[in-house]
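Below: the structure, in structure tokens.
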Amino acid sequence: MSVGAVSVLRLVLRRELTLSFRRPGQLLQPLVFFLIVTTLFPLGLSPQLSLLRDMAPGVLWAAALLASLLSMDGLFKGDSEDGTLEQLVLSGQSLTLIVIAKTLAHWLVSGAALVVVSPIVATTLAVPVEAFPIMMLSLGLGTLTLSWLGAIGAGLTVGLRRGSVLLSLIVLPLAMPLLIFGANATDRAIGGESAAGALYFLAALCVFTTTLAPIAASVALRITLE
Amino acid sequence: MWTWFYRLASPPSVYRVAGVFAPWLLLSAAVFIVYGIIDGLAFAPPDYQQGDAFRIIYVHAPAGWLSMFAYTLMAIAGAVGLIWRIKMGHAVAAAVAPVGASFTVLGLVTGSLWGRPMWGTYWAWDPRLTSELILLFLYVGVISLRAAFEDPNRGDRAAALLAIVGVVNVPIIHYSVQWWNSLHQGATVAKFAKPSMPGSMLWPLLAMFMGYMLFFFGVLCMRVRAEILNRERQASWVREVVRA
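Here's what the structure looks like:
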């Protein structure tokens with residue numbers, strides 16, 4: 001039975017999304033984590049609004065990166081434990097395509113969800129409403145890039161018992177450019193300046209990882225599964 | 227056509243060749259380093275701005291340079307092992323990682339010691355120091371990933387892939403860190419513009435580069451030998467070597 005590339009993408013994507021929506025509690029976890037981490041900063045530093053506004057880009061971005069990495073660990077884990085992943089590898093379909101579909105589905109329920117919640121968090125950090133579009137756009141590009149990087153990390157650590165800490169250890173250094181450009185774009189948007197430069201960089205990183213990371217992640221899966 | 231290469235890359239021959247090279251590399255490294263240290267620390271003229279504090283460059287700059295060279299070498303060796311399935315590639319990659327990480331730590335420590343008299347603080351978020359720190363994180367990631375696998379073959383290949391991904395990222399990280407700092411602080415930190423050095427300062431520095439390089443390869447040869455003995459401990463030739 002031969003299935004075209006597009007239908008592979010669609011089928012895997014639909015399966016992943018169905019599985020995630022069957023367990024809504026798990027979907028909320030990264031979002032709640034995001035909210036809690038960003039609450040720590042006003043409590044730990046100072047509730048002074050001008051200070052918070054200065055800290056906001058860094059806090060938002062660091063919390064978003066941590067929150068989406070937290071759920072990255074589960075990208076291949078469930079499927080690897082029940083043997084589905086092996087079946088997918090053996091299905092004769094391109095593993096890269098399957099990785100793309102799984103990562104996209106994962107981003108939709110984690111990264112994109114974070115983008116949707118980010119205005120709430122931003123409001124508590126005194127970010128002006130005018131900065132929301134740029135902030136959300138940068139977070140969208142950044143979390144998607146992080147998902148691609150995380151897919152490589154998840155592929156490398158899938159068989160390991162204590163994979164999740166290792167996953168962060170591997171992926172966070174690679175994600176530092178995201179933090180730099182993302183926080184910079186947000187910072188400029190808050191200051192009312194043009195954030196185009198930083199956004200272009202984020203978009204370039206996003207395109208770069210979208211093209212290469214799925215290949216690296218599928219190689220990683222083949223290494224850990226064989 | 228490639229048989230000679232595979233024969234040369236077989237564990238016993240690498241073990242033997244590395245054993246022949248190691249003492250010579252270390253001996254010549256000692257010569258260069260002793261000359262570089264004495265000439266650099268005692269005879270080179272003090273810098274007109276930084277005085278004698280600049281002399282740490284003789285220990286610092288070669289370490290920083292080698293830390294990046296070693297990471298690249300680790301990725302190349304890993305790629306060789308991954309693509310052509312040459313076991314010695316992985317052995318070399320595994321042997322390089324801790325050495326490279328040590329040079330990174332040395333670069334960071336000497337850099338911050340230099341920062342104390344120059345910047346008045348042990349740690350400034352200078353772009354070069356920051357990207358060196360991230361490089362250290364990358365090393366730690368590769369080393370711990372390799373160690374996390376119970377099956378050494380998988381650990382080797384996973385670490386190799388991570389090293390390759392890292393090597394693609396190193397320039398991106400490097401330039402984004404520079405961009406970040408130039409935006410946030412401007413020129414608060416005295417920029418260390420490539421000084422055109424007089425020969426009396428430059429020669430000891432070049433000697434130190436050479437000495438560090440030779441030392442690195444000498445240590446690498448010894449570590450590769452140890453790595454081979456450990457990996458091939460079931461092989462009959464290793465038993466003979468160990469018994470002898």
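Going line by line, the protein sequences match chains A and B.
The working numbering applies: residue 1 is where the first sequence begins, and numbers increase by one.
The working numbering applies: residue 227 is where the second sequence begins, and numbers increase by one.
Built from N, CA and C at the ideal position, the CB exists for glycine as well.
| query | result |
| --- | --- |
| Within 7 Å of chain B by C-beta, residues of the stretch 155-187 of chain A in sequence order | L156, L160, L166, L169, I170, P173, L174, M176, P177, I180, F181 and N184 |
| Through-space distance from W463(B) to S239(B), alpha-carbon basis | 11 Å |
| Rounded C-alpha distance that separates A217(A) from A105(A) | 15 Å |
| Which listed residue (A279(B), L252(B), F375(B) and H286(B)) has its alpha carbon closest to that of S331(B) | Checking the sequence shown, residue 331(B) turns out to be Val, not Ser. Taking only the C-alpha atoms, the option nearest V331(B) is H286(B). |
| Contact list for A216(A) against chain B, beta-carbon separation under 7 Å | L387 and V391 |
| Below-8 Å beta-carbon distance, W406(B) vs any chain A residue | yes |
| Minimum C-alpha distance to W349(B) - residue among M300(B), G333(B) and I369(B) | G333(B) |
| Counterpart residues of D273(B) in DSSP-defined beta bridges | G277(B) |
| Close Cβ partners of G155(A) (< 6 Å) along its chain, the five nearest in sequence each way excluded | A217, A220 and L221 |
| Classification of R342(B) by the beta-carbon crowding that lies within 10 angstroms, buried from 16 upward | exposed |
| Assigned exposure category for E453(B) - 16 Cβ within 10 Å defines buried | buried |
| Straight-line gap, A373(B) to G290(B) (C-alpha atoms, nearest Å) | 25 Å |
| Interface positions of the stretch 373-384 of chain B facing chain A (Cβ-Cβ less than 8 Å), listed along the chain | A374, F375, R380, R383 and A384 |
| Straight-line gap, W351(B) to T186(A) (C-alpha atoms, nearest Å) | 21 Å |
| Option nearest G74(A) by Cα separation, candidates G163(A), T209(A) and L199(A) | G163(A) |
| Any C-beta of chain B under 8 Å from that of T224(A) | yes |
| CB contact below 8 Å: I360(B) versus chain A | yes |
| C-beta neighbour in chain A for S370(B), strict 8 Å | yes |
| Any chain A beta carbon closer than 8 Å to I398(B) | yes |
| Contact belief for I180(A) with S402(B) at Cβ below 8 Å, rounded distance in angstroms | 5 Å |
| The stretch 264-277 of chain B contacting the stretch 357-365 of chain B, beta-carbon criterion three pairs below 8 Å | no |
| Same chain, Cβ closer than 6 Å to T356(B), five either side skipped, listed in chain order | V403 |
| Chain-ordered chain E contacts of F329(B) [CB-CB under 8 Å] | Absence of chain E from the displayed structure is noted, the protein chains being A and B. |
| Exposure label - N184(A); buried when at least 16 CB within 10 Å | buried |
| Cβ neighbour criterion (16 or more within 10 Å) applied to V318(B) | buried |
| Amino acids of chain B, ordered along the chain, whose beta-carbon sits closer than 7 Å to that of V219(A) | L387 |
| From T298(B), L234(B), M300(B) and F269(B), residue whose alpha carbon lies closest to that of L431(B) | F269(B) |
| Where the stretch 136-152 of chain A meets chain B: residues whose CB sits under 9 Å from a CB there | L149 and I152 |
| Contact with chain A by F363(B), beta-carbon distance below 8 Å | yes |
| Closer than 7 Å: Y438(B) CB and nearest the ligand FAD heavy atom | In terms of ligand content, the structure shown is empty, and the ligand FAD therefore cannot be addressed. |
| Minimum Cβ-Cβ distance from G290(B) to chain A less than 8 Å | no |
| Residue-level contact to chain A via CB, S402(B), 8 Å cutoff | yes |
| Whole-number beta carbon distance between L141(A) and A203(A), since they are thought to touch under 8 Å | 6 Å |
| Beta carbon of P443(B) nearer than 8 Å to that of L251(B) | Correcting the residue type first, residue 443(B) is Phe in the shown sequence and not Pro. In this structure, L251(B) lies closer than 8 Å to F443(B) by Cβ. |
| Member of M136(A), L225(A) and L51(A) whose CA lies at the smallest distance from the CA of V158(A) | L225(A) |
| Coil, strand or helix - A413(B) by DSSP | Low local confidence applies: a pLDDT of 42 at A413(B) is under 50, so the model's placement there is unreliable, with the coordinate-based value given in what follows. Of the three classes helix, strand and coil, the one that applies to A413(B) here is coil, per DSSP. |
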